[in-house]
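Read through the structure below, which is laid out as structure tokens, and then see the notes.
Chains as they are written, first to last, in the numbering used here: chain A, 14 to 122; chain B, 58 to 171.
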């Protein structure tokens, strides 16, 4: 089983739409969780860390459900500039980070 | 804003040659990483480095790979005898450590093995 699984998409949504991405992780000992975004042929850039209580940063909301080993990202009021691949990243013990394959989002005018 | 830098941005080499990829992590960071991303695939962990030694490595990081921190700022990845399948984007990352787990990535080096 993969350490981190994401629906690869693609998600094509109109501007202003709300879109949600999901991610599951296999190891219950995982300790930290993140969403990164990656533009084509660029490096991953941190979007937000994910906390058990859930956290929000502007139009972005992340949730963590440790019991279900599930992480989500909600993007409200989508902008054209949100078009990217969204990477779910999990830190499992020590110093090893696992990446999902990413979910591709295209926001259409 | 401090950032991770990597050089070169693109490296072309012949199969069997050695390459060294260079990274300068953010100056107060203590943990350093190398990842690779084959075109169209996910980012894969190679190795983590802390306190001048490897702390974890993946199955990909076999004997042909090595890392070094030769001075107080550079962090290098050496591939001894490159294979065609080593062609990928190689990302360096660093993090402060302690209770802060957030990694920051460099722009990557695109390695092309011919």
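Note that the Cβ used here is the ideal one computed from N, Cα and C, for glycine as well.
One Cα belongs to residue 113(B), the other to residue 26(A), and the distance between them is close to 40 Å.
A contact is defined here as three or more CB-CB pairs under 8 Å, and the segment 139–157 of chain B meets this definition with respect to the segment 75–95 of chain B.
Straight across, the Cα-Cα distance linking residue 103(B) with residue 126(B) is about 16 Å. Listed along the chain, the chain A residues whose CB falls inside 9 Å of the CB of residue 163(B) are 56. Note: residue 95(B) is not bridge-paired with any residue in the DSSP secondary-structure output. Flagged as an interface residue toward chain B: residue 108(A), by a C-beta distance shorter than 9 Å. According to the DSSP assignment, residue 86(A) belongs to the beta strand (DSSP E) that extends over 83–88. Nearest Cα to residue 46(A) within the set 86(A), 29(A) and 14(A): 86(A). Membership of residue 64(A) in any beta strand (DSSP E) is not indicated, and neither H nor E is assigned to it by DSSP.
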